[in-house]
Structures are given as structure tokens and as C-alpha cells.
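Remarks on the structure that follows.
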Amino acid sequence: MRGPTVPYEVKLPPLGADAPDSAEVSFWYVDEGESLEEGQDMVEMITDKAAFTVPAPVSGKLQSIVAREGDKVQVGQVMAVVETGA
């Protein structure tokens, strides 16, 4: 029997000392409703200096994408919600 699910907010992590405090969503590697594993590439972000991927911080199912492609996201802002098992 499966336990209750717990929503986990995926936020844009700090980008480094000399990096900007925001980035733009380039594209999502996973769609809403798809399963993902911790460490799996989840979304590609771009700044004026670099492109980088944000890995999934937890395993689960991508419940909702909050930041859509083309959206600018601040460090610490919620980008997506992953449904995890308790």
C-alpha cells in the first residue's frame, strides 16, 4: 500500500557569487504528470552568461509547472511542484 503523497516545491537554487539573481526558463525536460528521479535533469535555465540545468531535488511525479518556458525566475522562487511519497 502506498502512503500519502507530499508536495515538494522546486525552487531556483543560488547561482553563485558572481552570477545574477535570476534566470529564464529555456525548456522543461519533463512534462506535468511524468515521473522523475532525484538528480535527473528537470529544466534548462539561461542567464545572459550561461545555460545550465537544474536537477530534480527529489524523486516523484511532476505535479505542476509554475514557471513556464520564457518566464524569468528569481533565486528562491518556486518553479514547479513535485509529488513525492511520504
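For the sequence shown, this note's numbering gives the first residue as 325, with consecutive numbering after it.
No residue lacks a Cβ here, since even glycine has one placed at the ideal position from N, Cα and C.
Asked: Helix, strand or coil for D345 per DSSP?; Found: coil
Asked: Starting from L386, trace the beta strand (DSSP E) both ways and give me its first and last residue.; Found: G384 to I389
Asked: Using only alpha-carbon positions, find the residue among V349, M366 and G340 that is nearest to Q387.; Found: M366
Asked: Answer with buried or exposed for V330, where buried requires no fewer than 16 other C-beta atoms within 10 angstroms of its C-beta.; Found: exposed
Asked: Buried or exposed, going by whether 16 or more other CB atoms sit within 10 Å of the CB of V397?; Found: buried
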